[in-house]
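With our numbering, letter number 210 in the sequence shown gets 688, and the count goes up by one each step, no holes.
Glycine included, each C-beta is placed from N, C-alpha and C at the ideal position.
A quick write-up on the structure given underneath.
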Amino acid sequence: MTDASKRTMLITGASAGIGAALAREYAGRGWNLIVTARRTERLEALKAEIEAVFEVKVECVTADLMADGAVDMMLAEIKGKGLTVDGLINNAGYGHPGLFLDSSWEEHDKFNRLMVDVVVEATRKLLPGMVERGYGRVMNVASLAGHLPGSKGHTLYAAVKAYLLKFSQSLNVEMEGTGVYVSALCPGFVITEFHDVNGTREGINQLPSYMTMSAAECARLAADALEANKDVFIPGKVNRTIARLGRFLPQSRVKSMLRKRSESYRNTGEN
């Protein structure tokens, strides 16, 4: 790409993990970036790192997307900077560990707001411009968990990720012929600080290496899949095999397997 033809990608939750890896990946592909998260210092460090290596521009927008009106405020700031969003990566998210009844409705409400409502709202408000310009890219970061039966602990996590799968699939079909591509990324076990935040690091470290993937590799494969307009993409042969087993094995057997595995690395509220 020449400077005049560079596109701009908005990445939510870009301060660490897969979000930061996707920022580096798209910068390497010549995209300018708008990165957003709650931690300003992390965003500024990422901006400095990327601009020192790649000939792209990075704009930082500090935002707590769980706050009321956060999407509108984020988009207003972007518009105020005179920027056009050509691509959107809905990556902001977290895992809320523990059993369903161990958390208040307020905690569950905030989780659903960020993981579902913000994704749909940001997409709905940015998509018309992409369609009008005849070009757009939307990636929704879902999870391998969305392909499997629900399991104990992280009760809402698989549910919201399954929602993102169906949302992305439907939108992909609706966008046919518009120049807008939509893909749901469904990573398995990607080694990031996500596992430190939700208390699963010890269990993840015990997994065999063939079951894990670096954030950089996940980002590279995800960007390729979006450019190929794959509506749902699961990176890694092992992860794709797990998803297939989840569909074709008897559900009672899959649920039993997940119960044993989930209790080995998740905080289910039990000792």
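Counted within 10 angstroms of its Cβ, other Cβ atoms place E645 as buried (16 or more) or exposed: In the sequence shown, the residue the question calls residue 645 occupies position 167. Rather than Glu, the amino acid found at residue 645 in this sequence is Phe. Residue environment analysis places F645 among the buried positions, since at least 16 neighbouring C-beta atoms fall within 10 angstroms of its C-beta.
May I ask which residues mark the beginning and end of the beta strand (DSSP E) holding I567? Stepping through the sequence shown from its first residue, residue 567 is reached at position 89. In the DSSP assignment, I567 falls within the beta strand (DSSP E) that extends over G565 to N568.
Sequence-distant residues of its chain with Cβ nearer than 6 Å to E680 (five each side left out): Numbered from its first residue, the sequence shown carries residue 680 at position 202. For E680, the predicted model reports a pLDDT of 49, less than 50, meaning its position is unreliable; a value from the coordinates is still stated below. The same chain holds no residue with a CB closer than 6 Å to that of E680 once the five nearest residues on each side in sequence are set aside.
With respect to the beta strand (DSSP E) encompassing V658, which residues constitute its N-terminal and C-terminal limits? The residue you call residue 658 lines up with position 180 of the sequence shown. According to the DSSP assignment, V658 belongs to the beta strand (DSSP E) that extends over V658 to L663.
Thinking C-alpha only, which one of G547, A526 and H586 is nearest G573? In the sequence shown, counting from the first residue as 1, residue 573 sits at position 95. Measuring C-alpha to C-alpha distances from G573 to each of G547, A526 and H586 identifies H586 as the nearest.
Alpha carbon to alpha carbon, how far is E555 from I512? Counted from its first residue, the sequence shown places residue 555 at position 77. Counted from its first residue, the sequence shown places residue 512 at position 34. Looking at the two C-alpha atoms, the distance is approximately 11 Å.
For V619 and N569, which I take to be in contact (beta-carbon distance under 8 Å), what is that distance rounded to the nearest angstrom? Here residue 619 refers to the residue found at position 141 of the sequence shown. Here residue 569 refers to the residue found at position 91 of the sequence shown. Between V619 and N569 a beta carbon distance of about 4 Å is seen, short of the 8 Å cut, so the two are scored as contacting.
Does E527 come out as helix, strand or coil in the three-state DSSP assignment? Position 49 of the sequence shown holds residue 527. Three-state result, E527: helix.
Give me the Cα-Cα distance between A694 and E503, rounded to the nearest whole angstrom. Here residue 694 refers to the residue found at position 216 of the sequence shown. Here residue 503 refers to the residue found at position 25 of the sequence shown. Cα to Cα, the separation comes out at about 7 Å.
Look at the alpha carbon of L524 and the alpha carbon of L488, and state the distance between them as a whole number of angstroms. Along the sequence shown, one-based indexing puts residue 524 at 46. Along the sequence shown, one-based indexing puts residue 488 at 10. If I take the Cα positions, the gap works out to 14 Å.
Going by Cα to Cα distance, which pick from R520, G560 and E705 is closest to A498? Reading the sequence shown from its first residue, position 20 is the one you call residue 498. Relative to the Cα of A498, the nearest Cα in the group R520, G560 and E705 belongs to R520.
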